[in-house]
DNA sequence: TTGAAATTGTGATCTAGATCACATTCGGAT
DNA sequence: ATCCGAATGTGATCTAGATCACAATTTCAA
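Residue numbers (the working numbering), protein chains in the order written: chain C, 1 to 230; chain L, 1001 to 1230.
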């Protein structure tokens, strides 16, 4: 730590202004983070960022400098295999969730990595990473929050893994449709068969056929660029 | 909890003796945990446990009461699908590593959805869960250790996931053999084809045939219950 | 030594999906 | 209205592995 210079240090630490919108967002979506002083700190250093549907949020070739608290919309996290241009959906992050994989996101091995895009128009509070660590010691609720979030990411990953390992495409497709519907808070999914096929690392034809089957069973109805869960 | 008997409580809290073996094991395998007072606490509450090869350490559905710090051998972590009795290997934990799945299990106080067995004769330091949490606030190095361990488990999980999602059985088999060889610090693997097939969620016949191919390519040599990497 | 069980080898099907090759339909720009 | 490209439908192969059905081999215990 350097010797504090009167005029500078107080500004950074004390008089930096809080963003009142952030406080209310945290109160609304992250009720677990109930310590007022923590909420204030978040409001001081957090930055609100918005993304339009389809926008790429992070390409993890580079280091991650902030952890996102999702307050609106939904963020799609996908694993990519560059060689054959393949990919699989890992999970969606919805409002109230975060991805605190602070170290790992960035430094996977190089030939394949993780991409996150806005599945919907989305809004996040970006927390610079150094605070993520500081707060771990200062605020028990933050610590719990981070641990809990690590845990649920882990759980989702394992769930995804065993869908892929154990289940057939029809079942995976159905689960996928449910997830997307949930992410959008709507039973209407705007998407082409091709996009779905990509997310599931399957062929477009296979997906089209399986969707037809679901339609015949009365589980969904199909239109161009649109699937309605019934 | 029973009513404390005078002579017992002080022993447990203050004069409990440290296990000197634990201190040296921590120093050797967990250099990151460098705070002396942390090492002492570990030596006080940690319990050394040994498992013979093949022994089940924690089964699917059981409650986790301690977090293992692996100091010898290797622990196999497997995900099970009860219905069809299928399973997949998630990863091995080697000396110097710990299982963050167990963190989440105990912190969330829920049943395990994985099974862990000793892949080799193994030794762990078992840390009762309540300390795991206490230390998070007390010891920065412990906190970092836990976070880092979550991270690396996560990475392994993602790696496993994309092997399953993107790769064919021959490649998965080869990676598997390398992992096991590494886990045993030996290029000789004692195992039946059936066991391998289980770990990869494949059929025994497929594995036998692929192993034959690898042998023909000169990558391995095969004997009963034994595979030698060349 | 002689079973008997565990392990491995091998061929014959069978199946989910991939891949290929198109035909059809829809919807928006001109 | 019409044209073009994107989205979807559909059939014909092809392939990795699963599954089934055994045979052959090894190990070990009685």
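Glycine is no exception: its CB is placed at the ideal position from the N, C-alpha and C atoms. Remember, it's a predicted structure, so these values are computed and weren't measured experimentally.
In the same chain as residue 69 (chain C), and ignoring 5 residues on each side of it, the C-beta atoms closer than 7 angstroms to its own belong to 30, 98, 124, 125 and 127, in chain order.
In the DSSP assignment, residue 1091 (chain L) is bridged to L:1077.
Membership of residue 136 (chain C) in the alpha helix (DSSP H) is indicated by the continuous run 129-138.
Within the segment 1031-1080 of chain L, the runs of alpha helix (DSSP H) that reach at least 4 residues and sit entirely inside it are, in chain order, 1036-1045. Among the CB atoms of chain L, one or more fall inside 7 angstroms of the CB of residue 143 (chain C). Here residue 35 (chain C) has 139 and 141 as same chain residues with Cβ atoms under 7 angstroms from its own Cβ, once five neighbours each way along the sequence are excluded.
CA-to-CA, the gap between residue 1078 (chain L) and residue 24 (chain C) works out to about 43 angstroms. Going by DSSP, residue 223 (chain C) is part of the beta strand (DSSP E) stretching over 220-223. With respect to chain C, the C-beta atom of residue 1210 (chain L) has no partner C-beta closer than 7 angstroms. Under a criterion of Cβ atoms nearer than 7 angstroms, the residues of chain L adjacent to residue 165 (chain C) are, in order, 1088, 1164 and 1201. Against chain L, a Cβ distance below 9 angstroms from residue 157 (chain C) picks out 1154, 1157, 1158 and 1161.
Taking a contact to require three or more Cβ pairs closer than 8 angstroms, the segment 187-202 of chain C and the segment 1186-1198 of chain L do not qualify as touching. Bridge pairing for residue 1115 (chain L): L:1078 [DSSP].
Counting C-beta atoms within 10 angstroms of its own C-beta, residue 153 (chain C) has 16 or more neighbours from the protein chains shown and is therefore classed as buried. Taking a contact to require three or more Cβ pairs closer than 8 angstroms, the segment 1080-1090 of chain L and the segment 1160-1176 of chain L qualify as touching.
Contact of residue 1079 (chain L) with chain C is assigned, a C-beta pair being separated by under 7 angstroms. Less than 7 angstroms separates the beta-carbon of residue 145 (chain C) from that of residue 32 (chain C). One finds 137, 140 and 143 in chain C with Cβ atoms closer than 8 angstroms to the Cβ of residue 1137 (chain L), taken in chain order. With a threshold of 16 other beta carbon atoms within 10 Å, residue 230 (chain C) falls short and is exposed. For residue 1170 (chain L), there are no neighbours in chain C by C-beta distance under 8 angstroms, as the nearest C-beta there is about 16 angstroms away. Assignment of residue 1123 (chain L) by DSSP, reduced to helix, strand and coil, places it in the strand class. For residue 1229 (chain L), there is no enclosing alpha helix (DSSP H); the residue is found in the beta strand (DSSP E) stretching over 1226-1229.
In this structure, residue 136 (chain C) lies near residue 1143 (chain L), with their beta-carbon atoms less than 7 angstroms apart. Per the coordinates, the alpha-carbon of residue 67 (chain C) lies some 15 angstroms from the alpha-carbon of residue 114 (chain C). The residue among L:1184, L:1208 and L:1047 with its C-alpha nearest the C-alpha of residue 1065 (chain L) is L:1047.
The beta carbon of residue 1074 (chain L) lies closer than 8 angstroms to those of 1092, 1093, 1094, 1095, 1118, 1119, 1120, 1122, 1183 and 1184 in the same chain, with the five residues before and after it left out. If you draw a 10 Å sphere on the C-beta of residue 41 (chain C), you find 16 or more other C-beta atoms in it, and that means buried. Inclusion of residue 16 (chain C) and residue 44 (chain C) in the CB contact set at 7 angstroms is warranted, their separation being smaller than that value.
Taking CB atoms only, residue 91 (chain C) has no neighbour in chain L less than 7 angstroms away.
Under the Cβ criterion of 7 angstroms, residue 176 (chain C) is not counted among the residues facing chain L.
Rounded to whole angstroms, the separation of the alpha carbons of residue 171 (chain C) and residue 1201 (chain L) is 18 angstroms.
The CB of residue 29 (chain C) never comes closer than 8 angstroms to any CB in chain L; the least such distance is about 21 angstroms. With respect to the 7 angstroms criterion, residue 207 (chain C) and residue 197 (chain C) are classified as neighbours on the basis of their beta carbons. Per DSSP, residue 1200 (chain L) lies in no alpha helix (DSSP H) and is assigned neither H nor E.
For residue 1184 (chain L), the enclosing alpha helix (DSSP H) covers residues 1169-1184.
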